[in-house]
Structure formats: structure tokens, C-alpha cells
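What follows is a short report on a single structure.
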Amino acid sequence: MECCEKCGRLLSTDEIAVYRRMVSRSAERFLCKNCLAEYWGVPPAVIEEKIVHFRAMGCLLFG
Ligand SMILES: [Zn+2]
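Numbering that gives the first Met the number 0 numbers the first residue of the sequence shown as 0 and each following residue consecutively.
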């Protein structure tokens, strides 16, 4: 299992997928959605929306 590079929290498949999708397709280190939200300066809900959005598009990175 992958952990958040910043806070060390265990990452869900969706968090890894959204990071790959939004930051780097070939990333091997990831941030959880809270740290990613902080990194972008947006509310965590925005990351949730991205996950829902990408899943709705049928992105294969999302479980
Ligand atoms: Zn984190």
C-alpha cells in the first residue's frame, strides 16, 4: 500500500488515481486528497469532485 508523502496516511486507489491524473501519470510518490487540496490551495471537496468526475468519465485509473 502507498502512503501520503506528506502526512503518511494510507492512500486509497482513488487518491492515487487522482494524483496520477492531475499531477503526474508516472508518479511513484503521492499525496492524499487533503494534502493535495492544501498543495493546490483548494478545499478537499474539490478533490472529491475530481474523483467523481474522472470516475464518471470512465477513467481506467479509478476503481
Ligand atoms: Zn496527506
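Ideal Cβ placement from N, Cα and C applies to all residues, glycine included.
Predicted, not measured: the structure shown is a model, and the values here were computed from it.
Sequence-distant residues of the same chain with beta carbon closer than 7 Å to Cys34, five excluded per side: Cys3, Lys5 and Cys6
In whole angstroms, what separates the C-alpha of His52 from that of Leu9? 22 Å
Cβ of Leu30 versus every heavy atom of ligand 1: is any distance shorter than 7 Å? yes
Three-state class that DSSP yields for Leu35 in the structure shown: Leu35: helix per DSSP, three-state reduction.
Nearest to Val22 by alpha carbon, out of Met0, Ala44, Pro42 and Lys49? Lys49
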